[in-house]
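> One structure is given below, represented as structure tokens, and several questions about it will come after.
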Amino acid sequence: MIHPSNYWKIHLPTGGDRPATNQKIIAQGEEFFKQHFPHLANKSTLTSEENKHIHTELLAIFDSHNDAYQKAIALLCLRCYISERILIACKTIPQTYKISGENLFSHTDLLPFVLNDDGRTLVILDSERKTQLVLEKDGTTRPIVKEGATVGRFFSVEILRKFNRQPGNNESLDNWVTRLTNHNDDIRSFLWSFGLGTPTDWALLCKSIPVKMDALLLQGDREIINAFQKVYQRDRLQSQIKGRCTEPTANQLSQMLGLLQQKNITLDPKQLVSHFHRIAEILREDWLYRKTGSPKTVPTEVYDNSTNNYQPNPELPYYTDRNLEELESEKLGELCKSMFEEVLKEIIPEVIHQRVETLQKSRGYRDFATNFPEGLRLYYQENMSMSEIGQQWGVNWSKARRIFEIENFIDIIQSQTEERFSQKLLQSLDKQRVEAISHDPEYLKNISVSIREFACKQTFDLAKSELILGKKQMKNSLLANLIRASFQSLVVA
Numbered sequence: 009m010i011h012p013s014n015y016w017k018i019h020l021p022t023g024g025d026r027p028a029t030n031q032k033i034i035a036q037g038e039e040f041f042k043q044h045f046p047h048l049a050n051k052s053t054l055t056s057e058e059n060k061h062i063h064t065e066l067l068a069i070f071d072s073h074n075d076a077y078q079k080a081i082a083l084l085c086l087r088c089y090i091s092e093r094i095l096i097a098c099k100t101i102p103q104t105y106k107i108s109g110e111n112l113f114s115h116t117d118l119l120p121f122v123l124n125d126d127g128r129t130l131v132i133l134d135s136e137r138k139t140q141l142v143l144e145k146d147g148t149t150r151p152i153v154k155e156g157a158t159v160g161r162f163f164s165v166e167i168l169r170k171f172n173r174q175p176g177n178n179e180s181l182d183n184w185v186t187r188l189t190n191h192n193d194d195i196r197s198f199l200w201s202f203g204l205g206t207p208t209d210w211a212l213l214c215k216s217i218p219v220k221m222d223a224l225l226l227q228g229d230r231e232i233i234n235a236f237q238k239v240y241q242r243d244r245l246q247s248q249i250k251g252r253c254t255e256p257t258a259n260q261l262s263q264m265l266g267l268l269q270q271k272n273i274t275l276d277p278k279q280l281v282s283h284f285h286r287i288a289e290i291l292r293e294d295w296l297y298r299k300t301g302s303p304k305t306v307p308t309e310v311y312d313n314s315t316n317n318y319q320p321n322p323e324l325p326y327y328t329d330r331n332l333e334e335l336e337s338e339k340l341g342e343l344c345k346s347m348f349e350e351v352l353k354e355i356i357p358e359v360i361h362q363r364v365e366t367l368q369k370s371r372g373y374r375d376f377a378t379n380f381p382e383g384l385r386l387y388y389q390e391n392m393s394m395s396e397i398g399q400q401w402g403v404n405w406s407k408a409r410r411i412f413e414i415e416n417f418i419d420i421i422q423s424q425t426e427e428r429f430s431q432k433l434l435q436s437l438d439k440q441r442v443e444a445i446s447h448d449p450e451y452l453k454n455i456s457v458s459i460r461e462f463a464c465k466q467t468f469d470l471a472k473s474e475l476i477l478g479k480k481q482m483k484n485s486l487l488a489n490l491i492r493a494s495f496q497s498l499v500v501a
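Right, here's the structure in full:
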């Protein structure tokens with residue numbers, strides 16, 4: 009049942025001596041709700057239609073109202089409602105992962121990962137709907153700086169930030185909360201620590217396997233993996249099959265064995281499948297170690313005395329593998345991460361030199377050109393303000409700000425990084441993707457959009473939000489760290 013009070017009572021973050029389901033009344037939210045929904049506030053329960061109407065109205069206020077306070081209170085009411093839905097979602101997860109009829113964990117183990125909102129802070133989003141902003145009593149805002157996977161940002165607000173409110177989207181907010189709670193990175197890491205929610209053997213064999221894994225594999229394993237991927241991935245992509253990766257068919261195994269014979273590896277189908285399971289178990293251990301820092305604690309396979317072989321553990325819950333398109337996207341993501349920092353390291357000193365050259369050509373600022381790199385060092389390493397740097401240079405804050413133009417400086421780095429990143433990425437794509445680009449202009453456009461989103465997510469959003477941090481707060485974005493690292497290698501033209 010849905011109670012009107014769900015919109016002004018928030019489930020508190022767990023911890024200490026508080027019960028896991030302790031709630032707090034948010035007076036501002038109650039007053040706001042009763043003012044906007046007087047005909048619903050005193051009802052004992054709400055119908056699904058009434059509840060949907062409330063969602064629509066609160067989201068409309070948050071999206072379009074000019075008063076930041078009204079936007080923040082509308083969002084606060086939704087944050088209260090979402091806290092209840094998060095609690096419900098967490099209660100269902102342990103039931104999904106029972107082993108021999110017993111729960112490995114309780115929903116209270118999951119709550120600290122997703123209930124990090126106590127309702128005391130008023131929050132809105134920036135104009136691009138990317139950054140959470142704290143609304144202060146005087147009407148000013150400051151960004152909530154993300155320090156980790158979830159630390160520094162309210163999960164409830166992230167749920168609303170990502171919620172698709174475009175016409176034609178039929179997914180309810182309740183379903184969206186459940187979906188994002190189930191896919192929360194910290195909850196998934198918790199499940200992985202038990203070996204739960206991991207891909208099937210066949211999905212693992214579809215992944216890109218780095219060369220460093222060869223040290224854990226036997227002679228011939230790499231050829232076995234290549235044969236599997238060539239046949240299995242080809243057929244799955246061509247047939248556009250989605251969902252769980254199933255065992256290879258007899259025809260597929262025959263083709264794989266043919267490829268292996270060309271490499272002077274002779275096996276029968278049963279031996280080949282056994283090798284697949286053995287290799288996948290190695291990959292799963294590595295996958296879990298990279299995700300959680302430790303291997304699984306629940307076996308995915310058990311020994312069957314009747315067949316003298318290992319079989320999938322029947323006690324483990326059903327797991328739906330991601331589509332191969334998603335695996336390809338993951339490979340591209342891994343490539344982007346390794347390439348992005350490399351490109352950014354190249355671009356930073358280049359843009360610094362460009363800025364020095366620009367200042368040298370400026371009649372009003374040429375005397376400060378050679379000081380620009382040192383000024384950056386003072387700003388990013390010594391954490392000095394523009395005013396303090398200006399005092400050292402004998403100029404006022406306003407002139408120091410015009411010399412640096414830090415936001416423009418970051419914009420140029422971002423623009424040049426995206427351009428070079430895009431070029432390097434396209435050069436690294438295989439022939440099939442390049443052909444797709446040449447026949448589908450939208451493909452390249454989509455990659456460009458994705459690159460920009462990736463670049464912003466990686467560093468530039470945080471780097472820009474750091475420009476308004478207080479003096480005591482050190483700048484720790486990737487951009488700031490790389491600028492500090494570049495000081496020793498700078499050569500002023």
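Quick note: the sequence shown uses the numbering used here, first residue 9, plus one each step.
Glycine included, C-beta positions come from ideal geometry on N, C-alpha and C.
1. Does the structure place the stretch 131 to 151 close enough to the stretch 177 to 186 that three or more beta carbon pairs sit under 8 Å?
2. How many Å lie between Asn404 and Gly383 at the Cα?
3. At what residues does the beta strand (DSSP E) containing His191 begin and finish?
4. Where does Ile355 fall in DSSP's three states?
5. State the DSSP-derived secondary structure class of His47, mapped to helix, strand or coil.
6. How big is the Cα-Cα spacing for Gly156 and Met482?
7. Counting beta carbon pairs with one atom in the stretch 122 to 131 and one in the stretch 79 to 91, are three or more of them shorter than 8 Å?
8. Cα separation between Leu213 and Leu275?
9. If you run the structure through DSSP and keep just helix, strand and coil, what is His61?
10. Taking Cβ positions, are Thr139 and Ser473 nearer each other than 7 Å?
11. Cα separation between Gln31 and Asn50?
12. From the DSSP output, read off the bridge partner residues of His19.
13. Which parts of the stretch 375 to 434 are runs of the alpha helix (DSSP H), unbroken and 4 residues or longer, counting only runs that do not cross its ends?
14. Quick one: using the 10 Å Cβ neighbour count with 16 as the cut-off for buried, is Leu95 buried or exposed?
15. Taking the DSSP output, what are the residues bridged to Arg150?
16. If we require 4 or more residues per run, which alpha helix (DSSP H) segments fall completely within the stretch 219 to 284?
17. So for Ile69, helix, strand or coil by DSSP?
18. What do you get for Ala35, buried or exposed, if any count of 16 or more other CB atoms within 10 angstroms of its CB means buried?
19. Is His19 closer than 7 Å to Leu188 when the C-beta atoms are compared?
20. Sort out for me which residues DSSP pairs Val54 with in a bridge.
21. Keeping to the same chain, check which residues put their C-beta closer than 7 Å to that of Lys238; ignore five residues upstream and five downstream.
22. Please determine, among His47, Glu396, Cys344, Phe412, the residue with the shortest C-alpha to C-alpha distance to Gln431.
23. Taking the Cβ atom as the reference point for each residue, do Leu296 and Trp200 lie within a distance shorter than 7 Å?
24. I need the DSSP call for Ile132, collapsed to helix, strand or coil.
25. By DSSP, does Pro120 sit in helix, in strand, or in coil?
26. Give the DSSP-derived three-state secondary structure of Phe162 in the structure shown.
27. Looking only at its chain, what residues have a beta carbon closer than 8 Å to the beta carbon of Ser56, apart from the 5 residues adjacent to it on each side?
28. Could you say which of Asp125, Pro151, Arg87 lies nearest to Ser135 if we only look at CA atoms?
29. Please state the DSSP three-state secondary structure of Asp75.
30. In the DSSP assignment, find the unbroken alpha helix (DSSP H) run with Asp209 in it and report its ends.
31. Any beta-carbon of chain B closer than 7 Å to the one on Leu224?
32. With H, G and I counted as helix, E and B as strand and the rest as coil, what does DSSP make of Lys483?
33. Could you tell me how far apart the beta carbons of Leu475 and Glu415 are, in whole angstroms, since I believe they sit closer than 8 Å?
34. Whole angstroms is fine: what's the gap from Thr217's alpha carbon to Arg292's?
35. Whose C-alpha, out of Asn74, Ala488, Leu119, is nearest the C-alpha of Glu92?
Inspection of the coordinates gives the following:
1. Below 8 Å, too few C-beta pairs join the stretch 177 to 186 and the stretch 131 to 151 to call them touching: fewer than three.
2. Whole-angstrom Cα-Cα distance: 14 Å.
3. Premise fails: His191 is in no beta strand (DSSP E) and is neither H nor E.
4. Secondary structure at Ile355: helix, using DSSP grouped into helix, strand and coil.
5. Three-state DSSP puts His47 in coil, outside helix and strand.
6. With a pLDDT of 39 at Gly156, under the threshold of 50, the predicted position of this residue should be treated as unreliable, and no value is reported.
7. Yes: at least three Cβ pairs fall under 8 Å.
8. When rounded, the distance between both Cα atoms is 18 Å.
9. Reduced to three states, the DSSP call for His61 is helix.
10. Yes, they are a contact pair.
11. Approximately 19 Å, taken between the alpha carbons.
12. For His19, which the question treats as bridged, DSSP gives the partners Gln31.
13. Whole alpha helix (DSSP H) segments, 4+ residues: 380 to 388, 394 to 401, 405 to 412.
14. The residue is buried, with at least 16 neighbouring Cβ atoms inside 10 Å.
15. Looking at the DSSP assignment, Arg150 forms a beta bridge with Val142.
16. Whole alpha helix (DSSP H) segments, 4+ residues: 229 to 247, 258 to 270.
17. Of the three classes helix, strand and coil, the one that applies to Ile69 here is helix, per DSSP.
18. Under this definition Ala35 is an exposed residue.
19. The criterion of a C-beta distance shorter than 7 Å is not satisfied by Leu188 and His19.
20. For clarity, residue 54 is Leu in the given sequence; the question names Val instead. According to DSSP, which records beta bridges pairwise, Leu54 is partnered with Ile10.
21. If we look at Lys238 and ignore the five residues flanking it on each side, its Cβ neighbours are Leu267.
22. Minimum Cα distance to Gln431 is reached at Cys344.
23. In this structure, Leu296 places its C-beta atom within 7 Å of the C-beta atom of Trp200.
24. Here Ile132 sits in strand by DSSP.
25. Helix at Pro120.
26. DSSP, read as helix, strand or coil, puts Phe162 in coil.
27. Same-chain partners within the cutoff: Ile10.
28. Sorting Asp125, Pro151, Arg87 by C-alpha distance to the C-alpha of Ser135 places Pro151 at the top.
29. Looking at Asp75 - three-state DSSP - the assignment turns out to be coil, as it is neither helix nor strand.
30. Segment 209 to 214, the alpha helix (DSSP H) holding Asp209.
31. The structure shown contains no chain B; it is built from a single protein chain.
32. It is coil, neither helix nor strand.
33. About 6 Å; that satisfies the 8 Å criterion.
34. In the sequence under discussion, the amino acid at residue 217 is Ile, which differs from the Thr named in the question. About 11 Å.
35. Of the candidates Asn74, Ala488, Leu119, the one whose C-alpha sits nearest the C-alpha of Glu92 is Leu119.
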